[in-house]
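Residue numbers (this note's numbering), protein chains in the order written: chain A, 1302 to 2072; chain B, 991 to 1143.
Note that the Cβ used here is the ideal one computed from N, Cα and C, for glycine as well.
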């Protein structure tokens, strides 16, 4: 559905409300406001991939001058839980406790020291004596479920807390499957059947600010945690759970945060600062080093994606069998839901008559996977979109035509929506907005798809590739966001939202939605977000939910406040209520007579009929409307060195109404470059014992300005009837495209099919030599 | 040991331990716009100007800036009177999380001071040591080029 409407604030690229304060270097981040007398934490981490702690001796460390406390499995309560910042009860297994007597990967927690300085804490770590019984480790996910494989979670209290498959005795952290129709019949009807395997790698989000948190004991007996989190309300609940204290004793505040990308959807360090702050009765600050951020925070689930499909000669698809082996590492954070997303955010894009989907998430003694922008859709779309390129070539079709023939249309549904949700069944929905065809046509035009194809002479060869994508907008029938708005006497408004701005600009987008409804500029909306004592609840920044879900809560609260203003103004102007509109900070009647908002507010605060004009609203959705996108890339492959260079990248995206086009473009550009970097160079390298070998930016390369290709983001407007002003999500989808699109472009350039990422010079050269 | 230096135009004397790195001293002295992203000289979040050159504070010992002149983003501009670069970053949407922004701005400032009309390639070269994971750099590069244009008018 496309509906053109003119908006005054929505649809305009107003500057981010926090950008000037960030540009002048304001003290806005967690580390910028450490109180006097603050203690610093360092963590002793496991040198073994799999071992039992036989004894731990902290006497020397504790007697070092400046050391205030040492905590480990012997002196903190054992409470099985998950670090995954999800709604309760969490779909992730309870396989983690603050400190355990067993370590399960190199970098796992052993003990934490709080000391007067980081240097002292660091020194104290070296004085802790730990005796380990080293166990055999599982370092290959393909062997994790083999008979006789070492069991990683043998503790009797590890368990799933929702009714889902969980079999730690064979290292199975999660399993999901679904089927639609008779698969074999589908393959029997096909003229071409392809069966292929695609492998994608471990990667890290690398927010430039690592995980950090400050815990402060308050005189009231409560504890305040200021933390770089995407999920303040889940953090509050999980800290209370870990410490076995009431939620009411915990106050969580999110300041500005230096990027998250899913890594900070994990309650990773808040439990430690809370424990130590309550124990020492002093403020406690913990910030992960960059090495820890790589090895001991969270990563993208590496996966083996097996895809078998059938198609008729005319290009119509007859069946798909998608099989996922996901490596969740030592703990099962997000294991199940990421696996589910491999199906639910990829399969509905095409009209498959017969479908089988199956995913196993297995434990290994390797770094822990978690939420990472794209959340399973990245990995499965990587396989699927290369696979469809292979199918198009087998059918001698243009890859665009194959997709045009088979993609889901407006008004249609997919059986996958109902069959597959967050761990269990999903929610049926039909597509009410889709601009995928326009994404394909505009993207193809921008890159010159039909004009210049496989070209180049000598060692440098050029080629183009494309991919189509979908994601979701929030988790239907699970997620909730809420907002509260009150009016001030100068006609400004406080907007309080639980929603979490992690640099994405959600404070600005939500302010724009409120401003549009209230008939004011963004400057009149004072946003306060993510403070569990002050703002209403919100699940947090994940699952591409904030604009769509929290935005609708804001729109509803603003509509309620607007109605109150109109009613008051109608009385003041003595005109019928229906004739009053809110325009530019005034309530204006049809005849032109008007009052300023400040007059309305002054009257309700100091004049007559005294009350606070205010409203709160929640939003809960039965839909998760997918944004759609088509990506195009031109690459140049150096056949002598194997180096792949991106010449130009075009990402056309249908995100419904872009509430703030510049911010939406920024989401696309950032996601795309992260995806290109992931496709070409990012990967964890392990030694034979399971130790990450490249845990610095020097050895784990991420793209810099010098690597920057031309990137063009195209916003293709549609109107999603269930979203605020027609909006859908935009933040995750863009990261899913580069890995398949670049592989497809490499094939066109040099005729080798890269089915294992990243496409490093070594790998491309090896493939060229095998050709 | 005492360190005598000039920061943002003001002469100061700092106490520092020998071997202490400049980043830690700057943050302790309240210049918290200088960010710690890696502490290993790889990310550029702690970029400051030392006698006008963009340098990473985490790679300098505090003692190395004795007698030198330091600039942090605090001296670049204020919300009421922002530097053209800051204004351009805001207007172009070049700031997402903002953690890399102070370092980016100072690398850009050092570039424009020595080369008022840089090409796109020269901007990319100058900012190459400053990592950003949010923006894909697209709007940052645009903002620097735009600021250069405005400063030349």
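In the DSSP assignment, residue 1518 (chain A) falls within the unbroken beta strand (DSSP E) covering 1513-1518. Counted as a single uninterrupted DSSP element, the beta strand (DSSP E) harbouring residue 1769 (chain A) occupies residues 1761-1771. Proximity of chain A to residue 1035 (chain B) at the Cβ level (cut-off 7 Å) is accounted for by 1509, in chain order. Neighbourhood of residue 1085 (chain B) in chain A, by CB distance below 7 Å: 1317, 1320, 1323, 1324, in chain order. Secondary structure at residue 1387 (chain A): coil, using DSSP grouped into helix, strand and coil. When C-alpha distances from residue 1504 (chain A) are compared across A:1523, A:1479, A:1494, A:1671, the shortest belongs to A:1671.
Excluding five sequence positions before and after residue 1009 (chain B), the CB atoms of its chain that fall closer than 7 Å to its own CB belong to 1051, given in chain order. Going by beta carbons, residue 1516 (chain A) and residue 1585 (chain A) fall inside the 7 Å limit. Annotation note: the region 1328-1387 of chain A contains the following uninterrupted beta strand (DSSP E) runs of length 3 or greater, listed N- to C-terminal: 1340-1346, 1352-1358, 1368-1373. Annotation for residue 1708 (chain A): 1650, 1651, 1737, 1769 place their beta carbon closer than 7 Å to its own, counting only its chain and skipping 5 residues before and after.
By the Cβ rule, the region 2009-2022 of chain A counts as touching the region 1957-1975 of chain A, because three or more pairs are nearer than 8 Å. From the listed residues A:1663, A:1337, A:1319, A:1336, the smallest Cα separation to residue 1329 (chain A) is found for A:1319. Residues of chain A whose Cβ lies closer than 8 Å to the Cβ of residue 1081 (chain B) are, in chain order, 1316. Under the Cβ criterion (8 Å, minimum of three pairs), the region 1997-2011 of chain A does not count as touching the region 1738-1750 of chain A.
With a cutoff of 7 Å on beta-carbon distance, residue 1089 (chain B) and residue 1510 (chain A) are scored as near each other.
According to DSSP, residue 1004 (chain B) shares a beta bridge with B:993.
Checking the DSSP bridge columns, you'll see residue 1011 (chain B) partnered with B:1051. CA-CA distance, residue 1773 (chain A) to residue 1850 (chain A), rounds to 11 Å. Counting along the chain, the unbroken alpha helix (DSSP H) around residue 1424 (chain A) starts and ends at 1419-1426. Contact with chain B is found for residue 1974 (chain A), since one of that chain's Cβ atoms lies less than 7 Å from the residue's Cβ.
The alpha-carbon separation between residue 1103 (chain B) and residue 1781 (chain A) amounts to approximately 50 Å.
Our two residues, residue 1026 (chain B) and residue 1345 (chain A), have alpha carbons roughly 21 Å apart in a direct line. DSSP places residue 1865 (chain A) inside the alpha helix (DSSP H), whose first and last residues are 1852-1874.
Nearest neighbour of residue 1029 (chain B) by Cα position, chosen from A:1589, A:1495, A:1417, turns out to be A:1589.
In terms of beta-carbon proximity, residue 1002 (chain B) stays away from the interface with chain A, with every pair separated by 7 Å or more. Ranked by Cα distance from residue 2027 (chain A), the options A:1449, A:1647, A:1852, A:1356 are led by A:1852. By DSSP's assignment, residue 1585 (chain A) forms a beta bridge with A:1340, A:1516. In the DSSP assignment, residue 1679 (chain A) falls within the alpha helix (DSSP H) that extends over 1678-1695.
Distance between residue 1679 (chain A) and residue 2038 (chain A), taken at the CA atoms: about 8 Å. In this structure residue 1395 (chain A) is not in contact with residue 1350 (chain A), their Cβ atoms being roughly 22 Å apart against a cut-off of 8 Å. Contact fails between the region 1545-1553 of chain A and the region 1623-1632 of chain A, because fewer than three Cβ pairs, one in each stretch, are under 8 Å apart.
A contact between stretches requires three or more CB pairs, one per stretch, nearer than 8 Å, and the region 1811-1826 of chain A fails this requirement with the region 1981-1994 of chain A. Where residue 2019 (chain A) is concerned, there is no enclosing alpha helix (DSSP H), because DSSP gives it neither an H nor an E. Here residue 1565 (chain A) is buried. Its C-beta has 16 or more other C-beta atoms within 10 Å. The continuous beta strand (DSSP E) containing residue 1884 (chain A) extends over residues 1882-1884. According to the DSSP assignment, residue 1103 (chain B) belongs to the alpha helix (DSSP H) that extends over 1091-1104.
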